[in-house]
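*Asks:* Chains as they are written, first to last, in numbering that gives the first Met the number 0: chain A, 0 to 496; chain B, 0 to 496.
Glycine included, C-beta positions come from ideal geometry on N, C-alpha and C.
Protein chains: 2
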Amino acid sequence: MSENTSIQAIEGLLTLAQEAFLTYKRSNLKQRASFMHQVADEIEALGPELIAAAQAETNLPEARLMGEKARTVFQWRSYADALIAGNVLDIRIDTATPTRTPPKPDLRKTCTGLGIVVVFGASNFPFAFSTAGGDTASAIAAGCPVIVKTHPGHPNTSALMAGAISTAVQKAGLPIGLFAEVRSDSFEGGQFLVSHPLVKAVGFTGSFAGGKALYDLAAKRPEPIPIFAEMGSVNPVFLLPKKLENAAAEMAKQYAASLTLGVGQFCTNPGILVVPNHPELQHFLHVLKQEIDNTAPARMLHQGISDAYHKNKAVLLAQSGVKVLAMAEGVSAGNHGSAVVASVKASQFLANEKLGHEVFGPFGLVVTYDNLEEAVALAQTLPGQLTATLLAEQQDLESHQTLIELLTEKCGRLLFNGFPTGVEICYAMQHGGPYPASTDSRFTSVGPDAIRRFARPLSYQNWPDESLPDELKNANPLEIWRTVNGELTKEPIDFRL
Amino acid sequence: MSENTSIQAIEGLLTLAQEAFLTYKRSNLKQRASFMHQVADEIEALGPELIAAAQAETNLPEARLMGEKARTVFQWRSYADALIAGNVLDIRIDTATPTRTPPKPDLRKTCTGLGIVVVFGASNFPFAFSTAGGDTASAIAAGCPVIVKTHPGHPNTSALMAGAISTAVQKAGLPIGLFAEVRSDSFEGGQFLVSHPLVKAVGFTGSFAGGKALYDLAAKRPEPIPIFAEMGSVNPVFLLPKKLENAAAEMAKQYAASLTLGVGQFCTNPGILVVPNHPELQHFLHVLKQEIDNTAPARMLHQGISDAYHKNKAVLLAQSGVKVLAMAEGVSAGNHGSAVVASVKASQFLANEKLGHEVFGPFGLVVTYDNLEEAVALAQTLPGQLTATLLAEQQDLESHQTLIELLTEKCGRLLFNGFPTGVEICYAMQHGGPYPASTDSRFTSVGPDAIRRFARPLSYQNWPDESLPDELKNANPLEIWRTVNGELTKEPIDFRL
Numbered sequence: 000m001s002e003n004t005s006i007q008a009i010e011g012l013l014t015l016a017q018e019a020f021l022t023y024k025r026s027n028l029k030q031r032a033s034f035m036h037q038v039a040d041e042i043e044a045l046g047p048e049l050i051a052a053a054q055a056e057t058n059l060p061e062a063r064l065m066g067e068k069a070r071t072v073f074q075w076r077s078y079a080d081a082l083i084a085g086n087v088l089d090i091r092i093d094t095a096t097p098t099r100t101p102p103k104p105d106l107r108k109t110c111t112g113l114g115i116v117v118v119f120g121a122s123n124f125p126f127a128f129s130t131a132g133g134d135t136a137s138a139i140a141a142g143c144p145v146i147v148k149t150h151p152g153h154p155n156t157s158a159l160m161a162g163a164i165s166t167a168v169q170k171a172g173l174p175i176g177l178f179a180e181v182r183s184d185s186f187e188g189g190q191f192l193v194s195h196p197l198v199k200a201v202g203f204t205g206s207f208a209g210g211k212a213l214y215d216l217a218a219k220r221p222e223p224i225p226i227f228a229e230m231g232s233v234n235p236v237f238l239l240p241k242k243l244e245n246a247a248a249e250m251a252k253q254y255a256a257s258l259t260l261g262v263g264q265f266c267t268n269p270g271i272l273v274v275p276n277h278p279e280l281q282h283f284l285h286v287l288k289q290e291i292d293n294t295a296p297a298r299m300l301h302q303g304i305s306d307a308y309h310k311n312k313a314v315l316l317a318q319s320g321v322k323v324l325a326m327a328e329g330v331s332a333g334n335h336g337s338a339v340v341a342s343v344k345a346s347q348f349l350a351n352e353k354l355g356h357e358v359f360g361p362f363g364l365v366v367t368y369d370n371l372e373e374a375v376a377l378a379q380t381l382p383g384q385l386t387a388t389l390l391a392e393q394q395d396l397e398s399h400q401t402l403i404e405l406l407t408e409k410c411g412r413l414l415f416n417g418f419p420t421g422v423e424i425c426y427a428m429q430h431g432g433p434y435p436a437s438t439d440s441r442f443t444s445v446g447p448d449a450i451r452r453f454a455r456p457l458s459y460q461n462w463p464d465e466s467l468p469d470e471l472k473n474a475n476p477l478e479i480w481r482t483v484n485g486e487l488t489k490e491p492i493d494f495r496l
Numbered sequence: 000m001s002e003n004t005s006i007q008a009i010e011g012l013l014t015l016a017q018e019a020f021l022t023y024k025r026s027n028l029k030q031r032a033s034f035m036h037q038v039a040d041e042i043e044a045l046g047p048e049l050i051a052a053a054q055a056e057t058n059l060p061e062a063r064l065m066g067e068k069a070r071t072v073f074q075w076r077s078y079a080d081a082l083i084a085g086n087v088l089d090i091r092i093d094t095a096t097p098t099r100t101p102p103k104p105d106l107r108k109t110c111t112g113l114g115i116v117v118v119f120g121a122s123n124f125p126f127a128f129s130t131a132g133g134d135t136a137s138a139i140a141a142g143c144p145v146i147v148k149t150h151p152g153h154p155n156t157s158a159l160m161a162g163a164i165s166t167a168v169q170k171a172g173l174p175i176g177l178f179a180e181v182r183s184d185s186f187e188g189g190q191f192l193v194s195h196p197l198v199k200a201v202g203f204t205g206s207f208a209g210g211k212a213l214y215d216l217a218a219k220r221p222e223p224i225p226i227f228a229e230m231g232s233v234n235p236v237f238l239l240p241k242k243l244e245n246a247a248a249e250m251a252k253q254y255a256a257s258l259t260l261g262v263g264q265f266c267t268n269p270g271i272l273v274v275p276n277h278p279e280l281q282h283f284l285h286v287l288k289q290e291i292d293n294t295a296p297a298r299m300l301h302q303g304i305s306d307a308y309h310k311n312k313a314v315l316l317a318q319s320g321v322k323v324l325a326m327a328e329g330v331s332a333g334n335h336g337s338a339v340v341a342s343v344k345a346s347q348f349l350a351n352e353k354l355g356h357e358v359f360g361p362f363g364l365v366v367t368y369d370n371l372e373e374a375v376a377l378a379q380t381l382p383g384q385l386t387a388t389l390l391a392e393q394q395d396l397e398s399h400q401t402l403i404e405l406l407t408e409k410c411g412r413l414l415f416n417g418f419p420t421g422v423e424i425c426y427a428m429q430h431g432g433p434y435p436a437s438t439d440s441r442f443t444s445v446g447p448d449a450i451r452r453f454a455r456p457l458s459y460q461n462w463p464d465e466s467l468p469d470e471l472k473n474a475n476p477l478e479i480w481r482t483v484n485g486e487l488t489k490e491p492i493d494f495r496l
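1) G176 of chain A and K148 of chain A: beta carbons closer than 9 Å?
2) Below 9 Å between beta carbons: does that hold for L88 of chain B and A141 of chain B?
3) With DSSP run on the structure shown, which of helix, strand or coil describes T380 of chain A?
4) Would you kindly work out how many angstroms separate the C-alpha atoms of V273 of chain A and V181 of chain B, rounded to a whole number?
5) So, helix, strand or coil for M0 of chain A, using DSSP?
6) Output the distance between the C-alpha atoms of E61 of chain A and E41 of chain A, rounded to the nearest integer angstrom.
7) List the residues of chain A whose Cβ lies closer than 7 Å to the Cβ of L106 of chain B, in chain order.
8) Is S5 of chain A buried or exposed, if buried means 16 or more other CB atoms sit within 10 Å of its CB?
9) According to DSSP, simplified to helix, strand and coil, what is Y426 of chain B?
10) Any C-beta of chain A within less than 9 Å: which residues of the region 435-461 of chain B qualify?
11) When Cβ atoms are compared, which residues of the region 389-405 of chain B fall closer than 7 Å to chain A?
12) Since N416 of chain A meets chain B, which of its residues come closer than 7 Å, beta carbon to beta carbon?
13) Would you call F494 of chain A buried or exposed, if buried means 16 or more other Cβ atoms sit within 10 Å of its Cβ?
14) Do we get a CB-CB distance below 9 Å when we pair W75 of chain B with the residues of chain A?
15) Are at least three pairs of beta-carbons, each pair with one atom in the region 452-471 of chain B and one in the region 107-118 of chain B, less than 8 Å apart?
16) Tell me which residues of the region 215-247 of chain B have at least one Cβ-Cβ distance to chain A shorter than 7 Å, keeping chain order.
17) Return the chain-ordered list of same chain residues with a C-beta closer than 8 Å to the C-beta of Y434 of chain A, the five sequence neighbours on each side being excluded.
18) For H285 of chain B, which three-state DSSP category applies?
19) Below 8 Å, how does it come out for the region 25-32 of chain B and the region 208-219 of chain B: are there three or more Cβ pairs, yes or no?
20) By Cβ distance below 7 Å, which residues in the same chain neighbour M0 of chain B in space, the five residues on each side in sequence not counted?
21) When you compare the CB positions of K344 of chain B and Q318 of chain B, do they come within less than 9 Å of one another, or not?
22) Whole angstroms is fine: what's the gap from L548 of chain A's alpha carbon to K472 of chain B's?
23) Quick one: which chain B residues come within Cβ less than 9 Å of G485 of chain A?
24) For a contact defined as C-beta to C-beta under 9 Å, what are the partners of T259 of chain A on chain B?
25) Hey, would you say the C-beta of A376 of chain A is under 8 Å away from at least one heavy atom of the ligand GTP?
26) Hey, out of B:I83, B:C143, B:L49, B:K288, whose CA is closest to A69 of chain B's CA?
27) Kindly indicate if chain B contains any beta-carbon less than 9 Å away from that of K68 of chain A.
28) Thinking C-beta only, is L389 of chain A closer than 9 Å to A436 of chain A?
29) Please classify Q318 of chain A: does DSSP put it in a helix, a strand, or coil?
30) Ignore the nearest five residues each way along the sequence and tell me which others in Q54 of chain B's own chain have a CB closer than 6 Å to its CB.
31) Please confirm if L12 of chain B has its CB atom under 9 Å from at least one CB of chain A.
32) May I have the straight-line CA-CA distance separating T267 of chain B from G162 of chain A, to the nearest angstrom?
33) Grab the span of the alpha helix (DSSP H) containing D93 of chain A for me, first residue to last.
34) Is I271 of chain B close to chain A? Criterion is C-beta to C-beta, closer than 9 Å.
35) So, with DSSP's three-state summary, where would you put R107 of chain A?
36) Cutting at 8 Å between CB atoms, please list the residues of its own chain near N484 of chain B, excluding the five before and the five after it.
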């Protein structure tokens, strides 16, 4: 099962995928959506063996995995529905004006898949961001075949998910090359895929080192290709003075809960909390310490993740001025991840770039500042983030305009009085952010807009109606929203008028 | 006037631009659109001195320049109107469901400018693709300040256009750093700009060599940035058998007209025409020869362009199997560009990659094929193109499905019975294509969608209504189209319902 796929076999899969592409791209948006609903059904139909496999391979609890399975099914269904709605892959029609000098042609723009997409799944979401996860669903929705480089952390889970997709492919009568998984426990397999001329785009969720290596490979090809790599961040939380004054204990409890949720193994884990020196600070820290001390350590996804957590945490704790505030149950055995919160002064944080590095796991750094200038300098020094959070009263917002304005420059999602863990799958979600949170801040990897990463516009000029793709035909047979002569409408185009 | 801007001065302009960014990004879409209309007015108000400067610097005729000026003004106005319509920078709102477990947050996504954009204009469109051209208008629409690296071919024209933008900036009370031009006749100035940490995106129109060099620079930065480089193509035209049979003379005349329009100096110039060996072929070639022979040579944009044209043309003509079919008025003096059409068999074209290279200017290569397999192989061998064209009867379309399907893979715009010169500014236009036609086929550099190159989504979660950007407020004060809970609507959000 976990044997590496040979380079020869990968070549074969790529050839099949390219053949599948040329067939699949001829399907209309409704047919594509219907296939995606079929995939959703097949995943939904996977029984307890899926949950059991994932539990064994990831240490994630059953309830979480059940929730993640439902989320994965929902991704396929909602992205499918977005195709039919017509508001993600925009359809633009500008009709002719033959009487103009020179005559204005008829132009109709749809979207077409880029070609074969290679997906590198994450270990922390074995369903939702892996084999049958958001990148795969986005690429299929865009009209692309997908080759997944299976995450070595959960090969059996991947095989079950890959089986569900392949069953749907067969039931839909689509070419089997539309989806395949490739196994490789070294960098070479992925490198071969990303460098292959038939591959036209890459989706990645994981570490900065991994994402950057793939970005460089993709950019150096004779034909560079787009890559969307989501590489995590420290997701800073700014607790502002009035809120601290009014709700120190509540904020401490909520922060501890978000920090330790899922053993801190989320891309949006709030790794840094920034707070003013204020009479209520001690109260906040006291409650936070209690909460963390009372957190039971839990097993992390796998030994590699846990080893990295302990190592990176030790590096941070060894930095000048960093003091441990709370440590859950001391040193833990095996691949357990014990929650730790430390504190440091803003002046020391500003002087040491290492303190801004992500520690993947339940590690929080409380940064205390003496004045607003320090807080602003701190925001300025932060690299790009997936999220930034304000815990604030309305009057805090008014007195921290510059800080807030700066934070809009630094993140893809800005939260007010909430915590960034929990990434909703919806149109308005932005999961991605300025580099190095992701390699291209213009796209998201969550929500129907994620489809746009893998599609490109294609315009037809003066093309006969009967030869146009369905979404561009005068009659609007798919009944979708289209921009016709600048106006959004679902109406057909009637030249008799 | 044409002195190079010093590196120190460029640093100063970048600092001003960044300051301007932080102010300008707070303007709402209506304010931005109103500023863009002001720019359009200022350009429109430029009198005969603009046309005179451009004529002196580019050799383009007055009528063409008057048309291009109107086109440039239209770009600013139509991109401004697209902002107000709300169908380019998508607004997505998903309202909260507090009763769900876990509670569903309120999420609202708008777009924000990437930051300072550096624009490298083209020489062949001194108005529409240069200082105040489409890239500048797109970036300003997206909420970004712009620094243009002035094209050394038309510095005086650029200065007038830059003056018009700066006047509009002043009249609108916006910070002067919002727009600046930089002069540099070497690669260093551009290199410094593209490598600067404050620069967040690049727009380029020009040669493959220039675009690729900037792409590599942008990708190698510590913080890689997006670049959209439109690098031209040979824009293949396929004349299919039935059309050749029915309209050989007409097609020859139209092809010659498109090939020689503006001395062949368009990115979409149809440099290659593919046609079957057919009894009517000689008729087609005969008329084409007559048309080309009768074309008066005209002066090209500048000496560099004309030198490159004669050099690249000579390289193509020296290739094995290439025969000159027609040459307008023999060798021409100075920077004139004389039209030349040569022919070659498909088998020889397929064996020599050089024959697919663009010759910027009025040079056409007629490739003749013996059977459909050769035509398909030819389409397969083509690199990415801005456009591909079918000259065909309906029955040709039916009998050439594979060829047509292949061409959709190779281009951004597919034409039926027309010619690719003439790039309409409208929503449905795609100007860009698979690499190497452009560096990112997911975007266009013409039409309101060009704005998307320079904007990124930003989501607000659970943010108080009064602190949201106007386009996200419940009341929809800008009265724009928004996707609310998956449905496109202009209605306000009323929680009392």
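*Replies:* Let me lay it out:
1) As a first step, residue 176 of chain A is located in the first sequence; it is residue number 177 there, counting from the start. As a first step, residue 148 of chain A is located in the first sequence; it is residue number 149 there, counting from the start. Going by C-beta atoms, G176 of chain A is not nearer than 9 Å to K148 of chain A.
2) Residue mapping note: residue 88 of chain B aligns to position 89 of the second sequence, counting from 1. Residue mapping note: residue 141 of chain B aligns to position 142 of the second sequence, counting from 1. Going by C-beta atoms, L88 of chain B is nearer than 9 Å to A141 of chain B.
3) Along the first sequence, one-based indexing puts residue 380 of chain A at 381. Helix, per DSSP.
4) Stepping through the first sequence from its first residue, residue 273 of chain A is reached at position 274. Stepping through the second sequence from its first residue, residue 181 of chain B is reached at position 182. Roughly 40 Å separates the two Cα atoms.
5) One-based indexing of the first sequence puts residue 0 of chain A at position 1. Bear in mind that the predicted position of M0 of chain A carries a pLDDT of just 44, short of 50, making it unreliable; the figure below should be weighed with that in mind. In the structure shown, M0 of chain A falls within a coil segment according to DSSP collapsed to helix, strand and coil.
6) Taking the first residue of the first sequence as position 1, residue 61 of chain A is located at position 62. Taking the first residue of the first sequence as position 1, residue 41 of chain A is located at position 42. So the two alpha carbons sit approximately 20 Å from each other.
7) Within the second sequence, the letter at position 107 stands for residue 106 of chain B. Correct list: E423, C425, A427, M428.
8) For the purposes of this step, residue 5 of chain A is taken as the residue at position 6 of the first sequence. So S5 of chain A ends up on the exposed side.
9) Residue numbering aside, residue 426 of chain B sits at position 427 when the second sequence is read from its first letter. The answer is coil: DSSP assigns Y426 of chain B none of H, G, I, E or B.
10) Answer in chain order: P435, T438, D439, S440, R441, F442, T443, G446, P447, D448, R451, R452, F453, A454, R455, P456, L457, S458, Y459, Q460, N461.
11) Of all residues in the region 389-405 of chain B, only Q393, L396, E404 place a beta-carbon less than 7 Å from a beta-carbon of chain A.
12) Numbered from 1 along the first sequence, position 417 holds the residue referred to as residue 416 of chain A. Neighbours of N416 of chain A across chain B, judged by C-beta separation under 7 Å: N461.
13) Looking up residue 494 of chain A in the first sequence gives position 495. Around the Cβ of F494 of chain A, a 10 Å sphere holds fewer than 16 other Cβ atoms; the residue is exposed.
14) As a working mapping, residue 75 of chain B is identified with position 76 in the second sequence. The C-beta of W75 of chain B comes no closer than 9 Å to any C-beta of chain A.
15) The count of Cβ pairs closer than 8 Å, one atom from the region 452-471 of chain B and one from the region 107-118 of chain B, reaches three, so the stretches are in contact.
16) For chain A, the residues of the region 215-247 of chain B that bring a beta carbon within less than 7 Å of one of its beta carbons are A218, E222, P223, P225, in chain order.
17) Here the question's residue 434 of chain A lines up with position 435 in the first sequence. Excluding residues up to 5 positions away in sequence, P382, G383, S440 lie with their Cβ nearer than 8 Å to the Cβ of Y434 of chain A in the same chain.
18) On the second sequence, position 286 is the one that residue 285 of chain B refers to. Shown here, H285 of chain B sits in a helix according to DSSP, grouped into three states.
19) Between the region 25-32 of chain B and the region 208-219 of chain B there are fewer than three inter-stretch CB-CB distances shorter than 8 Å, so the stretches are not counted as touching.
20) Counted from its first residue, the second sequence places residue 0 of chain B at position 1. Because M0 of chain B sits at a pLDDT of 45, beneath the cut-off of 50, its placement in the model cannot be relied upon, and the following sentence gives the value as read from the coordinates. Around M0 of chain B: P154, N155, A158.
21) In the second sequence, the residue the question calls residue 344 of chain B occupies position 345. In the second sequence, the residue the question calls residue 318 of chain B occupies position 319. With respect to Q318 of chain B, K344 of chain B sits apart: the two C-beta atoms are not nearer than 9 Å.
22) Not covered by the structure: residue 548 of chain A. The range shown for chain A is 0 to 496.
23) Start at 1 with the first residue of the first sequence, and residue 485 of chain A comes out as number 486. In chain order: S77, D80, A81, A84, N86, C425, Y426, P447.
24) If you number the first sequence from 1, residue 259 of chain A lands on position 260. What T259 of chain A touches in chain B: nothing, since even the nearest Cβ is about 16 Å away.
25) The ligand GTP is not among the ligands present in this structure, which contains no ligands whatsoever.
26) Numbered from its first residue, the second sequence carries residue 69 of chain B at position 70. Among B:I83, B:C143, B:L49, B:K288, the Cα nearest to that of A69 of chain B belongs to B:L49.
27) Position 69 of the first sequence, counting from 1, holds the residue named residue 68 of chain A. At a cut-off of 9 Å between beta-carbon atoms, K68 of chain A makes no contact with chain B.
28) As a position in the first sequence, residue 436 of chain A is number 437, starting the count at 1. As a position in the first sequence, residue 389 of chain A is number 390, starting the count at 1. Inclusion of A436 of chain A and L389 of chain A in the CB contact set at 9 Å is not warranted, their separation being larger than that value.
29) On the first sequence, residue 318 of chain A is found 319 positions in, with the first residue counted as 1. Here Q318 of chain A sits in coil by DSSP.
30) Taking the first residue of the second sequence as 1, we reach residue 54 of chain B at position 55. A distance below 6 Å between beta-carbons, with the five flanking residues on each side excluded, links Q54 of chain B to no residue of its chain.
31) Along the second sequence, one-based indexing puts residue 12 of chain B at 13. Output row for L12 of chain B: interface = no.
32) If you number the second sequence from 1, residue 267 of chain B lands on position 268. If you number the first sequence from 1, residue 162 of chain A lands on position 163. For T267 of chain B and G162 of chain A, the distance between alpha carbons rounds to 46 Å.
33) As a working mapping, residue 93 of chain A is identified with position 94 in the first sequence. No alpha helix (DSSP H) contains D93 of chain A, which is instead part of the beta strand (DSSP E) from 91-93.
34) As a first step, residue 271 of chain B must be located in the second sequence, where it is residue number 272. So no, I271 of chain B is outside the interface.
35) Counted from its first residue, the first sequence places residue 107 of chain A at position 108. The answer is strand: DSSP assigns R107 of chain A an E or B state.
36) Locating residue 484 of chain B in the second sequence gives position 485, where the first residue counts as 1. Answer for N484 of chain B: I92, D93, T94, listed in chain order.
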